[in-house]
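A.B. asks: The structure is given below, and queries will be raised subsequently.
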Amino acid sequence: MARWTPGSDINVTAGPRPLADPDAIRAPSPLAADVPARGSSLWRDGVRRLRRNRLAMAGGVVIVLLCLIAIFADVLAPLPYTKTNFGRLNEAPSRAYPLGTDQLGRDLLSRMIYGARVSMLVGLGAQLIIVAIGVPIGALSGFVGGRTDLALTRFIDVMYAFPRLLFVILVMSMLGAGLTNIFIAIGLTGWVGIARQTRAQVLSIKQKEYVEGARALGSRAGRLLFRHVLPNALTPIVVAVTFGIPEAIFTEAALSFIGVGINPPTPSWGQMVGEGQQYIRSYWHLCVFPSIAIAVTMLAFTFFGDGVRDALDPKMK
Amino acid sequence: MKRPRISDAQMDLLAARLAAGGVGRRDFLRVAAGLAALGAAGFDARPAAAAPKLAAGEKLARDQHFRYGGGGWFQNDPSSHDYNKDLYCSGVPALWAGLMKFDANFQPVPYVAEKISSNAEGSVWTFTIRKDSRWSDGSPCTAKDFEWSWKRQMDPASKNPYSSYFYDIKGAEPFNKGKVPDASQVGVQAKGDWTLEVTLEGPRGYFPVLSAYLAALPAHRPSVEKHGDKWTEAANLVCNGPFTLEAWEHNKVMVLRKNKHFFGAKDVTLDKATIPIISVQSGALPYEGNELDMTSLQTGDLKRLRDDPRTAKQVFRYPFPGTWYLTPQVTKPPFDNLKVRRAVAHAIDRDNVVRVADGFAVAAHSMIPPGFPGAVDDKKIRDIQRFDPKAAMAQLKGTPFEGGRNWPKITLTMREEGYGSKPLAEAVQSVLLEHLNMRTELEVLEQRVFRAGLWKNDYQLVWIRWFMDYPDPHNEYFDTFYGKKTEGKRQAWVNDAFDKELEAGRDTRDLKKRLAHYAKAEEIMQTDVGYIPVAWVARWAAAKPQVRGLEKNKLGETVVEGNIYFDMLPHVYMVERA
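Chains A and B, in that order, give the protein sequences.
Heads up: the first sequence at position 69 corresponds to 68 in numbering that gives the first Met the number 0, and the numbers run straight through without jumps.
Heads up: the second sequence at position 149 corresponds to 148 in numbering that gives the first Met the number 0, and the numbers run straight through without jumps.
Next comes the structure, spelled out in structure tokens:
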């Protein structure tokens, strides 16, 4: 049961409440058009619960830090990531090079900082594409139903049957390596899960009384979908995105590890691990530090994602 | 005996035949390797292996067990050991003995044959087979076995992908193509048990070389007829070489045992050899963990083993002549501009670039590595593409890229390969960026994809290496850069003056004059920047101190088992650990 705070009560009176929303019956009203559906207590409640989750907040802090590092890489990195020093190859960490140098005498720290940029770009960029493909397909399938649903669902099932990483590798080998192509490859293969979840959500919300009510009042399909159904289906999508980001980052790392991801000299953590692992017994730092970076990022997103899921789960209230 | 002269027409004929039949030109050329170096000594009979030479105080180990592999050797399970059917089965050659074999200098010497002779023009060859030649089950291995084996290879029914290997033999081609169904028309004939007479399509002075290669190894008829494709499994295999296959656990390990019926058995000291099938990723770990007595080394491990005083003396370099170089595609901007190509050539800081290869590369100023015929060490040639960042920038004056600006998107393409190829390519990227402000993207392609694009001359700038197939400049220049080549051409660059030098080199007999032609060709190619030499290949292996008997070649380098030379195991022996 919801424990309404005074703040959220004010909120309720100020705008429509998405779940079991009696205001929906009033639609279309000028008031409803002015106030967007999202400003609900569910979200505020969720944020509050999220903030209480220490593990999730720790993850969140790491994520924010990573984003900052990615944005300000040019300022933060002590050296350009291409700067080689052939006199100091494969050096262990020292004062001049805090994390040591790589096979070409490049500063490992600087390369890791720029690697964060690639990872964050891939994580966010790929999710954008995934959402842009997955949500419309899922929504359409669930909302329209009938033959459209059947066709789209079968298509989703077919896509689901492909082994994900193999499919990404296939797409990459057709498009060629490179950052943009990684977005596309991950996007093209990653939308299936989110489409399924959106469809399921839309299917169930479509049956809700307030949607029926809106329909009875003569709302058009588009309005129904965008005003009443989709906003209420957002929760699982948000959760899926939070988990999708680390998955995309990891996929990029895996691709670069096997050499079909980012092209040198642009640094990527996965590529650094891949190149460093054959030297692990001679120069341990080459693959250990980027591995730690990948691991910490994964953990941060996973903790944060767990927190978001718990916070938005109505059963957890 | 006197060796019949081998004309170029003969060589070309053979090359064309083999290429048409699916044997890669490079592999054929590898076979031909011995010819270029073949001395007047000819085909004297020699012992199968030399007896161990023990130093004072040294004792042969009681357990003559040798374990080798790893670091790229035997990284995949062999498809079979049936060289008679499939030249590329990647099985263990030491199970077999051919009529001839290659010695450490890649010269063909008699093996199962004790004497070979030919008619004056070299169109009929007679192999006299040792009377003590035996299969591992004790039965005699006779001329009839070789006749049957060679005909099996040509038989269209056996569907051998490399059957054209023997098209020099009279009637082999029509028989193989099914035009003549009768194998008795083929010019391989056992005259009694111990004489094999081979009649060829014409004069073929090189035939002994063919008979020394893996493709000419025999197969054991009763086993093949009984077990079909499974006849080279350990339980079924009957062979005639210095070793037998005691066990073969697929994808895991092969165990060889000395073949007591082998005619040279008394000279073979090893009793047992173990070859685990290990992926290249495990590096030198099995060797350091004392699971192997000898291993090939990859970049990650060489330096550590060499720096460690306990292992420093176990490491040795073995000949694997090859060259890493760049080819700028003269049909693609910006490399259609000679000045840009020259700028790139001057910007390659070779001494620094090779450092990243950790010992697997040596700075190169020309195609042929030192110590091989055709190597040039001429200041004039050294200077053409010398590292000089100022000269590099100066070349860009007057071009659209003056001052290192306005570069289009440039992709440097290479194939997936170990041995430090990728760090080298990245180092090349870095010096280009540093000295010309030229940013390149490195694209690493899978072998087959790479080759397809390469032959279409699709790539802008290529990082590539060439392994020498046989010690003659013809191989390095003609086989890759000759402008009138119709297939397998790796770059669009063509230069008529260069081609003329190559033709002159090919058609000249006198070695000194030939080499002068090739030196001139190198000069032309470097001046016109058809290629940019960067590094020579170096390869390394490590062997425990108790491993002895590895052969050395004329240059004094230790030779290990490879594609041509596979006579290593009969020479190896183990001594007691000090």
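No residue lacks a Cβ here, since even glycine has one placed at the ideal position from N, Cα and C.
Between which two residues does the beta strand (DSSP E) holding phenylalanine 242 of chain B run?
C.D. replies: Counting from one through the second sequence, the residue named residue 242 of chain B turns up at place 243. 242–248 is the extent of the beta strand (DSSP E) around phenylalanine 242 of chain B.
A.B. asks: Nearest-angstrom Cα distance between histidine 570 of chain B and phenylalanine 105 of chain B?
C.D. replies: Taking the second sequence and counting its residues from 1, one reaches residue 570 of chain B at position 571. Taking the second sequence and counting its residues from 1, one reaches residue 105 of chain B at position 106. About 16 Å.
A.B. asks: Count the other CB atoms, across all protein chains shown, that sit within 10 Å of the CB of serine 162 of chain B; report buried if there are 16 or more and exposed otherwise.
C.D. replies: The residue you call residue 162 of chain B lines up with position 163 of the second sequence. Counting Cβ neighbours within 10 Å, serine 162 of chain B comes out buried, since at least 16 surround it.
A.B. asks: Out of A:Gly306, A:Ala310, A:Leu254 and A:Leu311, state which residue places its alpha-carbon closest to the alpha-carbon of alanine 57 of chain A.
C.D. replies: Walking along the first sequence from the start, residue 57 of chain A turns up at place 58. With distances taken between Cα atoms, alanine 57 of chain A lies closest to A:Gly306.
A.B. asks: Out of A:Thr152, A:Met173 and A:Gln126, which has the shortest C-alpha to C-alpha gap to tryptophan 190 of chain A?
C.D. replies: Here residue 190 of chain A corresponds to residue number 191 of the first sequence, with the count starting at 1. Nearest of A:Thr152, A:Met173 and A:Gln126 to tryptophan 190 of chain A, Cα basis: A:Gln126.
A.B. asks: What are the boundary residues of the alpha helix (DSSP H) that arginine 163 of chain A is part of?
C.D. replies: Within the first sequence, residue 163 of chain A is the residue found at index 164, counting from 1. Its alpha helix (DSSP H) spans residues 163–174.
A.B. asks: May I have the straight-line CA-CA distance separating alanine 32 of chain A from arginine 226 of chain A, to the nearest angstrom?
C.D. replies: To locate residue 32 of chain A, count along the first sequence from 1; it is residue 33. To locate residue 226 of chain A, count along the first sequence from 1; it is residue 227. With a pLDDT of 45 at alanine 32 of chain A, under the threshold of 50, the predicted position of this residue should be treated as unreliable, though the coordinate-derived value follows. C-alpha separation (whole angstroms): 9 Å.
A.B. asks: So alanine 537 of chain B and glycine 358 of chain B are supposed to be a Cβ contact under 8 Å. How far apart are they, rounded?
C.D. replies: Against the second sequence, residue 537 of chain B aligns to sequence position 538. Against the second sequence, residue 358 of chain B aligns to sequence position 359. About 6 Å; that satisfies the 8 Å criterion.
A.B. asks: Counting only Cβ-Cβ distances shorter than 9 Å, please list the residues of the region 156–175 of chain A near chain B, keeping chain order.
C.D. replies: Result list: Ser172 and Gly175.
A.B. asks: Helix, strand or coil: how does DSSP classify glutamine 328 of chain B here?
C.D. replies: The residue given as residue 328 of chain B occupies position 329 in the second sequence. Looking at glutamine 328 of chain B - three-state DSSP - the assignment turns out to be coil, as it is neither helix nor strand.
A.B. asks: Taking only three categories from DSSP, how would you classify arginine 305 of chain B?
C.D. replies: Position 306 of the second sequence, counted from the start, is the residue given in the question as residue 305 of chain B. Helix, per DSSP.
A.B. asks: Which of the three DSSP states is assigned to threonine 265 of chain A in this structure?
C.D. replies: Taking the first residue of the first sequence as 1, we reach residue 265 of chain A at position 266. Three-state DSSP puts threonine 265 of chain A in coil, outside helix and strand.
A.B. asks: Around the C-beta of methionine 173 of chain A, are 16 or more other C-beta atoms found within 10 angstroms, so that it is buried, or is it exposed?
C.D. replies: Locating residue 173 of chain A in the first sequence gives position 174, counting from the first residue. Looking at its Cβ environment, which holds fewer than 16 other Cβ atoms inside 10 Å, methionine 173 of chain A is exposed.
A.B. asks: Could you tell me which chain B residues have their CB closer than 9 Å to the CB of glutamine 270 of chain A, listed as they occur along the chain?
C.D. replies: Within the first sequence, the letter at position 271 stands for residue 270 of chain A. Chain B residues near glutamine 270 of chain A: none, gap ~10 Å exceeds 9 Å.
A.B. asks: Between tryptophan 268 of chain A and alanine 247 of chain A, how many whole angstroms is the CB-CB distance? I'm expecting something under 8 Å.
C.D. replies: By 1-based counting over the first sequence, the position of residue 268 of chain A is 269. By 1-based counting over the first sequence, the position of residue 247 of chain A is 248. No, tryptophan 268 of chain A and alanine 247 of chain A are not in contact; Cβ-Cβ is about 13 Å, not under 8 Å.
A.B. asks: I want to verify the contact list: residues of chain A whose CB lies under 8 Å from the CB of threonine 298 of chain B, in sequence order.
C.D. replies: Indexing the second sequence from 1 puts residue 298 of chain B at position 299. In chain order: Gln277 and Tyr278.
A.B. asks: Would the region 291–299 of chain B and the region 78–89 of chain B be scored as touching if the rule is three or more Cβ pairs under 8 Å?
C.D. replies: Short answer: they don't touch.
A.B. asks: For the region 501–512 of chain B and the region 333–342 of chain B, state whether three or more C-beta atom pairs, one from each stretch, are separated by less than 8 Å.
C.D. replies: Not touching, per the Cβ criterion.
A.B. asks: Judging by CA-CA distance, which residue of A:Ser203, A:Ile168, A:Ile291 and A:Ala199 is the nearest neighbour of glycine 186 of chain A?
C.D. replies: To locate residue 186 of chain A, count along the first sequence from 1; it is residue 187. Residue A:Ile168 is the option with its Cα nearest to glycine 186 of chain A.
A.B. asks: Sorted by chain position, which residues of the same chain lie with C-beta nearer than 6 Å to alanine 426 of chain B's C-beta, five sequence neighbours on each side aside?
C.D. replies: Against the second sequence, residue 426 of chain B aligns to sequence position 427. Val352 and Val355.
A.B. asks: Would you mind reading off the limits of the beta strand (DSSP E) that contains valine 461 of chain B?
C.D. replies: In the second sequence, counting from the first residue as 1, residue 461 of chain B sits at position 462. Residues 460–466.
A.B. asks: Touching or not, the region 298–305 of chain A and the region 55–75 of chain A, by the rule of three or more beta carbon pairs under 8 Å?
C.D. replies: Cβ pair count under 8 Å is three or more, so yes.
A.B. asks: Which term fits asparagine 75 of chain B, buried or exposed, when burial requires 16 or more other beta carbons within 10 angstroms of its beta carbon?
C.D. replies: As a first step, residue 75 of chain B is located in the second sequence; it is residue number 76 there, counting from the start. Burial call: exposed.
A.B. asks: Just to check my reading of the structure: leucine 441 of chain B and tryptophan 323 of chain B have Cβ atoms closer than 8 Å, yes? What is that Cβ distance to the nearest angstrom?
C.D. replies: Along the second sequence, read from residue 1 onward, the residue named residue 441 of chain B stands at position 442. Along the second sequence, read from residue 1 onward, the residue named residue 323 of chain B stands at position 324. Rounded, the Cβ-Cβ distance is 14 Å, inconsistent with contact.
A.B. asks: From aspartate 506 of chain B to aspartate 498 of chain B, what does the alpha carbon distance come to, in whole angstroms?
C.D. replies: Indexing the second sequence from 1 puts residue 506 of chain B at position 507. Indexing the second sequence from 1 puts residue 498 of chain B at position 499. Their backbone Cα atoms lie some 12 Å apart in a straight line.
A.B. asks: Considering only residues of the same chain and omitting the five flanking positions on each side of asparagine 405 of chain B, which have a CB-CB separation below 8 Å?
C.D. replies: By 1-based counting over the second sequence, the position of residue 405 of chain B is 406. Excluding positions up to five away in sequence, the list reads Pro399.
A.B. asks: Starting from alanine 557 of chain B, follow its DSSP beta bridges and name the residues at the other end.
C.D. replies: One-based indexing of the second sequence puts residue 557 of chain B at position 558. Rather than alanine, the amino acid found at residue 557 of chain B in this sequence is threonine. Answer by DSSP bridge pairing, in chain order: B:Lys551.
A.B. asks: Report yes if the C-beta distance between tyrosine 286 of chain B and glycine 561 of chain B is below 8 Å; otherwise report no.
C.D. replies: One-based indexing of the second sequence puts residue 286 of chain B at position 287. One-based indexing of the second sequence puts residue 561 of chain B at position 562. It is not a contact, given that the beta carbons lie outside the stated cut-off.
A.B. asks: Would tryptophan 492 of chain B pass as a contact of leucine 411 of chain B if the rule is Cβ separation under 8 Å?
C.D. replies: The residue given as residue 492 of chain B occupies position 493 in the second sequence. The residue given as residue 411 of chain B occupies position 412 in the second sequence. Taking 8 Å as the Cβ cut-off, tryptophan 492 of chain B and leucine 411 of chain B do not qualify as a contacting pair.
A.B. asks: Between valine 108 of chain B and methionine 366 of chain B, what straight-line distance do the alpha-carbon atoms span, to the nearest angstrom?
C.D. replies: Within the second sequence, numbered from 1, the residue matching residue 108 of chain B stands at position 109. Within the second sequence, numbered from 1, the residue matching residue 366 of chain B stands at position 367. C-alpha separation (whole angstroms): 30 Å.
A.B. asks: Hey, how far is the Cα of valine 558 of chain B from the Cα of threonine 330 of chain B?
C.D. replies: The residue you call residue 558 of chain B lines up with position 559 of the second sequence. The residue you call residue 330 of chain B lines up with position 331 of the second sequence. When rounded, the distance between both Cα atoms is 41 Å.
A.B. asks: Listed in chain order, which residues of the region 348–376 of chain B have Cβ atoms closer than 7 Å to some Cβ of chain A?
C.D. replies: Those residues of the region 348–376 of chain B that come within reach of chain A (Cβ to Cβ, closer than 7 Å) are Asn351, Arg354 and Val355.
A.B. asks: Does threonine 152 of chain A come out as helix, strand or coil in the three-state DSSP assignment?
C.D. replies: In the first sequence, the residue the question calls residue 152 of chain A occupies position 153. Reduced to three states, the DSSP call for threonine 152 of chain A is helix.
A.B. asks: Taking only heavy atoms of the ligand MN into account, decide whether any of them is closer than 7 Å to the Cβ of alanine 360 of chain B.
C.D. replies: Looking for the ligand MN in the displayed structure turns up nothing, as the structure carries no ligands at all.
A.B. asks: Touching or not, the region 469–479 of chain B and the region 429–444 of chain B, by the rule of three or more beta carbon pairs under 8 Å?
C.D. replies: The region 469–479 of chain B is not in contact with the region 429–444 of chain B.
A.B. asks: Below 8 Å, how does it come out for the region 111–118 of chain B and the region 126–135 of chain B: are there three or more Cβ pairs, yes or no?
C.D. replies: Counting Cβ pairs under 8 Å, three or more are found: they touch.
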